[in-house]
Structure formats: structure tokens, C-alpha cells
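Chemist: After the C-alpha cells below, expect a handful of questions from me.
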Amino acid sequence: MKKIISGNEAIALSFEDSGGVFASGYPGTPSTETLEEVARLGNVYCEWAPNEKVGLESAIGASLAGGRALATMKHVGVNVAADALMTLTYTGVNAGLILMAADDPGMHSSQNEQDSRNYAKFAKIPMLDPADSQEAYDYVRAGFEISERFDTPVMLRTTTRISHAKGIVEQKGKVEPKVGELAKDVPKYVMLPNFGKIKHVAVEERLLKLQAFAEESPLNRVEMNDPELGIITSGISYQHAKEAFPQASFLKLGLVHPLPEQKIRDFASKVGRLMVVEEMDAIFEEQIRAMGIRVDIGKDRISLCGEVCADIVREAAGAPVTSAKTQPVTDLPLRPPTFCPGCAHRGLYSILSKLKVFVSGDIGCYTLGALPPLSAMHTCICMGASISAAHGIAKVNEIAGRTEKPVAVIGDSTFFHSGITGLLSMSYNAGNALVIIMDNRTTGMTGGQENPGSGRLLQGDPAKEVDMVSLVKVLGIENVFEINSYHLKETEAAIRRGLETPGPYVLVDKNPCILRYRVKKPLVQVSDEKCTGCRACLKASCVALGLQGSGEKPKVAIDPNICNGCGVCTQHCKFDAMTVATGGTHESI
Amino acid sequence: MKAFNIVIAGVGGQGVLMASKVLAESALASSMDVKQNEVHGMAQRGGSVISFVRIGAKVHSPVVLPGTADILISFEPLEALRYLHYLKPGGRLVYNKATINPSTVAAGLATYPGDVAQRIAAACPDARPIDALQVAKRAGNAKAVNMVMVGSVMKGLPIDAAVVEGVVREISRDKGAEVNLAALRGGAAAA
């Protein structure tokens, strides 16, 4: 039966159809739906790990124990898992193991644009790069076969427009899952230097064998048409190039590392102009040039930054673009993402903004606190960096004789991911920062995934909730208190205490994510008589608020379809003009 | 057959994704090739959302380029204006009249332009504004705006209305089907 599914859903489906036994990973756009779909399909064990390294290491264990394993993550997650990956390449696998890395060219929802194909070269392992949902499905099957045949982990790389784009998929026959023996082979799996030296040679030999395989494999396909223009490409870039030049000749790579040198040489010799189309880095082009093959059109004409599209390919090859000359209207108010109406982060950030403290931020919905009008975040690097960076800032502040105490803000999932070690360092190294953990009991930005604090497992079963305050205490932090950031005055007082008290100080804001837990609260109402149009409430930065009328001082109106009654705006009002409808209190959530 | 390009614009949370799903499933049910694509992630938090549905004998890229959309459906007027340049010359625009303030307007950093409808009409004289919220409410659920919007373009699609109705029936949860079908038909009548 044909179905229309996303690349992520196709990977999950194929994992189940290809005898998958164990899947783990950490949420991250655009990879998240893969594990969610494995869970929804429901026939294979899967779990969320607290971070990508743990996810990959657990998959390594599963492979050792004889079960086909999958680890999923976004591109930056591979950085976290890289320590495991770079030695996993030496040990190889027992049962097949696939690492799915989802890249985000164009940075639709990421902090950088790194090209995961570099990791395949770096780790000297095979990488598959599907070009649509059907190939995403097919390449999981192929990936397990390659993994087991060549005793290697395999990277399956997607990009946002493969992971999230939906296309038609036809399922192939099912491979029954079977679990092999638990491998006990010390020289193969214990990477002491003496064993590692032997395995490094094996890795280089494996790469040569994979190169020979790449020459023969139908994963790398030649489509000879008009030989005037020959295009070497892979993944989503293939679709854009095919859209631009359906009549051109193609060498469409599915196995993108190692490259099939002879196939490339043959193809290049048969075409007039040779073009390489790839998003982000010049991975193919550099290797092809190193083979001594002339590339006529490549990264000199296609940007290293952002996504490729059919018109970029056309333009690079000197063909007219088809998209219209119409320009977008640019003078419109922007509509950036923002905190949901009712979200607890809003109150907290309006206080941090008011206090004008230095805020070291982290990865999650709360990174949006950096945007105006809140503008209360001054650095954000990667998962967990908020606390460690605040620690470094505090140390140098101290050296410089500055008295300002920095604030770190971090969510629960990010804290479990890699904030714990930062806080441990701050505690051990006598640091001096205020850490606010926004414990909304979910992984919010990626759509509300379970985590060690949420009390549920990926497959829905109940789990033991980690107690945040106890966890913080056990790291050696004495000053740890719970706050409720829907109450602005009390929260401000707690933050001021934290700033005035020397040493590490932790506040835990325990309010559940209103989106994930579908919290509905009574509406806020505005008294037209009392509202003076002073705009103080707009500091809450809530999309439910708006100005009504066009006079000198338009008054505030609340969109009842959007307001979620958190009451933060009412606390900004100095004229008592805003009230939460009777029957609701903030605690009612 | 050249691919038929549909762009759906709106605000995170309005159901743009479900509308896209209905159109994509309808194409599949009509034995056509189809690719559907939107970028989610940050967009979920009340941000601007744009989704592409491409239908044809064979569809390669999942991306609709500016100036090539046969139909632009917008769930919000400002978003219609923002993505108007996706429409090809002579393409069709249907948009929902109900406005939603962007966070920048809500925060007092910008004002919602008062002349959105006029500017759309100037650029695209055949643009069709509809009161999708009213139609959805009449159908029984204010949240069915997305089905109203799908209904509003049904006549211009290379797909039979009966196929779209079948898909809506299938993917609606039990009792939601009647409301969604009423919204779909209401949208078709309003456009």
C-alpha cells in the first residue's frame, strides 16, 4: 500500500520493517518525529535518552547484545555523540547500527548550519543520503545490510526538507527482528591502545572495501540523458537539480562516503560541463578535484550558506530562472515565534528584563527571551552552556573586580542533557552565579517530548520523575528554592535574593508547559474605563494583547481566542484595569 | 503535466499542517505524485508558517519557488501579503479576513497595517477574502478554519471534490467528520 509520509516517518517505518530491535536518541529539529513514530507504530522498543551521547552509547550496547539499533539526533547532537562515534568506528558493530543525523541547512530551527557529511569522512564510515521519503525508507534497510556486511556503524543523513517533506512511500517485505548473541570479544570491543592500533588498520582497510562497494552499488546511480550538462549530486540537492534540468545527465549519489572514484571519472568523461550540486560544504567537489577531475560549476557559483533550490541551480549553470521577478513586500511587521499565551517563561523574562542582569541562555523555547521587547539574554551557544558560561563569566567578573552576578537560565530537559555537569563544576569550583531552571516537565521547543522529569516514557508508560531540587542539592548546592513565576512580585524578590547572596544559587520554576499539558485558564478582561493606554502590560510580550482604536492613546484589547489567562499582563497594570475572569487562579494549572 | 503548486500560509497553531495533509492525501488518493513540505520547529510558537503542496505526474523538489504558485491560501491577511510574491501571474489567492496580531504588534513594537486588504487587492485584483471564522463557527467549531480554507479553493484544484471529502472524512476523528465536512462545503460556498 502506498502512503504519503515524511522522511522521518519513513525511517521509523523502515526501522520496524527492517528487523530493528532498539532505538534511542534525543529530540532535535528536524530529527524528532523519527523516534516518536517508532513509538507510535509501537512494535519496537524505543526510548528518549537524556542526550545524544547516551542515546548512541545505548545503541552501541544494543548492537553488542545482538539487536539492530538506531540512534537519532539533529546535526549538533552528533557533536555531543562524537566521542562515542569516533571510537565506535574502530570497534565496529555486532548487529547493524545506524546513526541518523538530521541536518538543518538554512537554519530553520538551529543555531548553526554544520554539514554532517564531514563526520562520515572524519569517522571513516559509510554515509547514506536519501533524496525523498521512499529513499529514506529504502536506505534504512540498505544501511543495516552495509553495517553488518562491513562491520561498521552507518550514518544516515537527512536534511530538513527530507525529514519533514512528505512523499509517497511503498513498503518493502518485512525482515523479522532477530536477536543474536551478546558479543564477548576483547580485542574487538575494548579499545586499549594495543587493540586500537590493530583496529585502526582495519578501519582503513574497511574504507577501501567500501570504496569498491560504492563503485558497484546501485545506491550510486547514473542517469544518462543529454550529455552536455552532467550533474553530480545527492539528497535533496538531487531533487532541486532535477527540477531545474530534467534533461541533464546525473550521477546521483546515495552512498555519499566513501565516493566511487571510477564511477565519477567515467561520468565526468562522458559529459560536456561537469556540475557538482551540494548544499553547504564542498565535500564532493573537493574530493573530485583532488582526483584530478575538472569541475566546471560548483561552489564558485553555489553558496556555502543556506539551502539550494532549483533557481539557484539554474542560475549557477547560466540558465534563466523561472521564479517571477515579483519582490516580497518587506515593510510588514515581522511575525517571529514567541512564547505561547499562558507560558510561564513570559513572567520570568519580564523580570530579568527589568533587572537588566546579564543572562546566560540555553537551547529551548526560552531562547526566545533574547528577542525584543524582553531582550533578556546575552549569550546562547549550545545545550547546557548557560551554566558553564555563567560560571566563567562570574570568575572573570571576580578577577576584574566587577560585582555583577550573572544569571543562567536553562530548561529541565536541557539541564538533564548537559546542564548537570556545568552546575557540578560551579558548585565544586566555588562559583558565583544565579541559575534559574525552568522546569516545565517537558522538552518544549521540539513539541513536548518526555524526559527524566516528566514522569512518562517515550512509549507512554509511567516513569519515575527526577526531583529537581534533590538533584540540585546532591551536586553540592545549598541554596535551592522553588518559585512560581506567574507571581511577579514574589519571583522578583526571589531573584533579588539570589543575586545578593554570594555563591551558587538555584531557583526552580515549576510550572508545566501549557502547550504540552493543554493547560486552559480563564480569560483576562480589560476595563475600558480604567485602561489609560499606558502600554505597561505590553511588556509581557503576549500575542493576545493588542491596541484598539486609533486615537492618541489607544487602549489595550485582549483577543479572547488567544488569551490563556496567565495573568502576567494584569500584574504589569498599575491602574487595576485588567482582571482574570472569576473562577480561575494561577495555581489552578 | 507540470506540477500544480499550492502554497498555504498562516500563523503557528492555525492548522496549516492539517490543511496541507488533506490536500496531499487527496492527491495520493487521485493517483498523482505529490510532495508536501513545511518547516516547523520555531514556527510552532505563533510564528509565520508557510507550507507547500506540489501535485503532478512526477514531482521532484518539495519546494515551491516564489512566482510559481497556482494557488495561495492564507489563513491570515498579513500573511497573505507577506507571501503574495509566491503567486504566479494570474494565480489565485483566497485569504481569511480574521487578523492575528504578530508578537511585534502585541508588544507595541510595530503596528498592524491598516491597508492590508487594499494592498492585496492592488497587487492581486481577483483575491478573494472570506470570513472563514464565521463559516467555521456555523459549521460547529471555530477551529475548523483550516477546512473552510481548503474548501475555498476546492473548485480550482486538479482533484475531485468528492476525493477531498473522502479524505477529510477519513482523517477526522469520529465526531469531527461532520463538522469538518460542513466547514469544507461552507468554504466552497463562500469562495
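If you read the protein sequences in the order shown, they are chains A and B. Position in the first sequence counted from 1, then plus 97, gives you my numbering. Position in the second sequence counted from 1, then plus 10, gives you my numbering. For each residue, glycine too, the CB sits at the ideal point set by N, CA and C.
Just the C-alpha distance for threonine 186 of chain A and alanine 198 of chain A, rounded to the nearest angstrom, thanks.
Modeler: Straight-line Cα distance between these residues: approximately 16 Å.
Chemist: Give the interface partners of glutamine 336 of chain A over in chain B, defined as CB-CB distance under 8 Å, in chain order.
Modeler: His70, Ser71 and Pro72
Chemist: At what residues does the beta strand (DSSP E) containing proline 1 of chain B begin and finish?
Modeler: Here chain B has residues from 11 to 201 only, and residue 1 of chain B is not among them.
Chemist: Output yes or no for whether 8 Å exceeds the beta carbon distance between alanine 641 of chain A and aspartate 656 of chain A.
Modeler: yes
Chemist: What is the DSSP secondary structure of serine 121 of chain A, reduced to helix, strand or coil?
Modeler: strand
Chemist: Inspect the beta-carbon positions of glycine 56 of chain B and leucine 82 of chain B and report whether they are closer than 8 Å.
Modeler: no
Chemist: So what does DSSP say about asparagine 494 of chain A, is it helix, strand or coil?
Modeler: It is helical.
Chemist: Where do the N-terminal and C-terminal ends of the beta strand (DSSP E) with cysteine 143 of chain A fall, by residue?
Modeler: Element bounds for cysteine 143 of chain A: 142 to 145.
Chemist: Restricting to Cα atoms, I'd like to know which of A/His488, A/Leu449 and A/Phe112 is closest to alanine 530 of chain A.
Modeler: A/His488
Chemist: Got a sec? Which residues, its chain only, sit under 8 Å from glutamine 208 of chain A by beta carbon, not counting five neighbours each side?
Modeler: The answer, listed in chain order, is Val173, Ile460, Cys477, Ile478 and Cys479.
Chemist: For histidine 683 of chain A, does the three-state DSSP call read helix, strand or coil?
Modeler: Because histidine 683 of chain A sits at a pLDDT of 38, beneath the cut-off of 50, its placement in the model cannot be relied upon, and the following sentence gives the value as read from the coordinates. Here histidine 683 of chain A sits in helix by DSSP.
Chemist: If you follow the beta strand (DSSP E) that leucine 644 of chain A is in, where does it begin and where does it stop?
Modeler: 642 to 645
Chemist: Interface residues of chain B around aspartate 408 of chain A at Cβ under 7 Å?
Modeler: Leu75
Chemist: Just to confirm the assignment: which complete beta strand (DSSP E) runs, minimum length 3, are found wholly within the segment 206 to 289 of chain A?
Modeler: 251 to 256 and 263 to 267
Chemist: How is valine 665 of chain A classed by DSSP in three states: helix, strand or coil?
Modeler: Under the three-state reduction of DSSP, valine 665 of chain A is assigned to helix.
Chemist: Going along the chain, which residues of its own chain have a beta-carbon closer than 6 Å to the beta-carbon of methionine 28 of chain B, five neighbours each way excluded?
Modeler: Asn156
Chemist: If we call anything under 8 Å between Cβ atoms a contact, is lysine 627 of chain A one with aspartate 558 of chain A?
Modeler: The Cβ atoms of lysine 627 of chain A and aspartate 558 of chain A do not sit closer than 8 Å to each other.
Chemist: Under a three-way DSSP split, which group does leucine 371 of chain A fall into?
Modeler: DSSP places leucine 371 of chain A within a strand segment (E or B) once states are collapsed to three.
Chemist: Closer than 7 Å by beta-carbon distance: list the chain B residues that pair up with lysine 339 of chain A, in chain order.
Modeler: For the C-beta of lysine 339 of chain A, the chain B residues within less than 7 Å are, from N- to C-terminus, His70.
Chemist: Along chain A, which residues have their Cβ under 9 Å away from the Cβ of leucine 27 of chain B?
Modeler: Residues of chain A passing the Cβ test: none, with the nearest at roughly 10 Å.
Chemist: How would you list, in chain order, the residues of chain B whose beta-carbon sits under 9 Å from the beta-carbon of cysteine 639 of chain A?
Modeler: Ser113, Ala116 and Ala117
Chemist: According to the Cβ coordinates, are isoleucine 140 of chain B and serine 162 of chain B closer than 8 Å?
Modeler: yes
Chemist: Who are the Cβ neighbours of leucine 468 of chain A in its own chain at under 7 Å, not counting the five residues just before and after it?
Modeler: Pro433
Chemist: Between serine 128 of chain A and asparagine 148 of chain A, which are expected to be in contact by the criterion C-beta below 8 Å, what is the C-beta distance as a whole number of angstroms?
Modeler: With 8 Å as the limit, serine 128 of chain A and asparagine 148 of chain A do not qualify as a contact, their Cβ atoms being about 13 Å apart.
Chemist: Using CA coordinates, which residue listed in A/Leu138, A/Leu585 and A/Ala654 is at the minimum distance from glycine 664 of chain A?
Modeler: A/Leu585
Chemist: Interface residues of chain B around lysine 99 of chain A at Cβ under 8 Å?
Modeler: Neighbours of lysine 99 of chain A in chain B, taken as residues whose beta carbon is under 8 Å from its own, are Leu38 in chain order.
Chemist: What is the DSSP secondary structure of methionine 197 of chain A, reduced to helix, strand or coil?
Modeler: strand
Chemist: Is it true that the segment 369 to 381 of chain A meets the segment 296 to 310 of chain A, where meeting means three or more beta-carbon pairs spaced less than 8 Å apart?
Modeler: no
Chemist: Does the segment 223 to 231 of chain A come close enough to the segment 243 to 260 of chain A that 3 or more CB-CB pairs lie under 8 Å?
Modeler: Because the criterion of three Cβ pairs below 8 Å is met, the segment 243 to 260 of chain A and the segment 223 to 231 of chain A touch.
Chemist: Residues of chain C with CB closer than 8 Å to the CB of tyrosine 122 of chain B, please, in chain order.
Modeler: No chain C appears in the structure shown, which is made up of the protein chains A and B.
Chemist: To which residues of the same chain is serine 485 of chain A closer than 6 Å at the C-beta, ignoring the five residues directly before and after it?
Modeler: These residues qualify, in order along the chain: Gly519.
Chemist: Going by DSSP, name the residue or residues bridged to aspartate 323 of chain A.
Modeler: A/Ala345
Chemist: Could you say which of A/Ala413, A/Ser567, A/Glu575 and A/Leu356 lies nearest to arginine 214 of chain A if we only look at CA atoms?
Modeler: A/Leu356
Chemist: Between glycine 600 of chain A and serine 103 of chain A, what straight-line distance do the alpha-carbon atoms span, to the nearest angstrom?
Modeler: 49 Å
Chemist: What does the Cβ neighbour count give for methionine 388 of chain A, buried or exposed, with the cut at 16 atoms within 10 Å?
Modeler: exposed
Chemist: When we look at the beta-carbon of glycine 41 of chain B and count the other beta-carbons within 10 Å, is it buried (16 or more) or exposed?
Modeler: The residue asked about is misnamed: residue 41 of chain B is serine in this sequence, not glycine. Per the 10 Å Cβ criterion, exposed.
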